[in-house]
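> One structure coming up, written as structure tokens, with questions to follow.
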Amino acid sequence: MKLNIIKKRSRKFTQHQSDPHVKIKRNWQKPRGTDNKLPVHSVKELEVLLLCNRSHCAAVAHNISSKNRKAIVERAAQLAIRVTNPNARLRSEENGQIVCTFYLY
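Here this note's numbering is used: the first residue of the sequence shown is 43, the next is one more, and so on.
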């Protein structure tokens, strides 16, 4: 019977998202999840946040149409749920312009 060799981990465990932010130190701290935002794909998913709307907030997912985004933001305002990106993709599409950049090489 062959024994598996367990090697020591050479990389250190670092705190989540410590590299883009200067204030966050690299030392490991357990992510507790109460500060996380919950991605929302439909109006029905907002009702999950009703009981914990003081500690959690909603974030509209990136692949939602502007019509559904408006419905989600309006319903969140009625339920007193904070949305982290309420204006995403709404202002540019209302003006008739969709902002896209293409690079040709």
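Ideal Cβ placement from N, Cα and C applies to all residues, glycine included.
These numbers come from a predicted model, not from an experiment.
(1) Using only alpha-carbon positions, find the residue among Lys44, Pro128, Lys50, Gln120 that is nearest to Ser107.
(2) Determine the burial state of Leu45: buried for a count of at least 16 other Cβ atoms within 10 Å of its Cβ, exposed for fewer.
(3) Give the straight-line distance between the Cα atoms of Val115 and Trp70, rounded to the nearest whole angstrom.
(4) In the DSSP assignment, what are the bridge partners of Cys99?
(5) For the candidate residues Val64, Leu91, Lys72, whose alpha-carbon lies nearest to that of Gln55?
(6) For Val125, which residues does DSSP report across the bridge?
(7) Apart from the five residues on each side of it in sequence, which residues of its chain come closer than 6 Å, Cβ to Cβ, to Ser205?
(8) With 16 other CB atoms within 10 Å as the buried threshold, where does Leu88 fall?
In brief:
(1) Pro128
(2) Exposed is the call here.
(3) 35 Å
(4) Cys99 pairs with Lys79.
(5) The sequence given here places Phe at residue 55; Gln does not occur at that position. Of Val64, Leu91, Lys72, the residue nearest in Cα terms is Lys72.
(6) Per the DSSP secondary-structure output, Val125 pairs in a beta bridge with Ala100.
(7) Because residue 205 is not part of the residues shown, which for the chain are 43 to 147, the question remains open.
(8) buried
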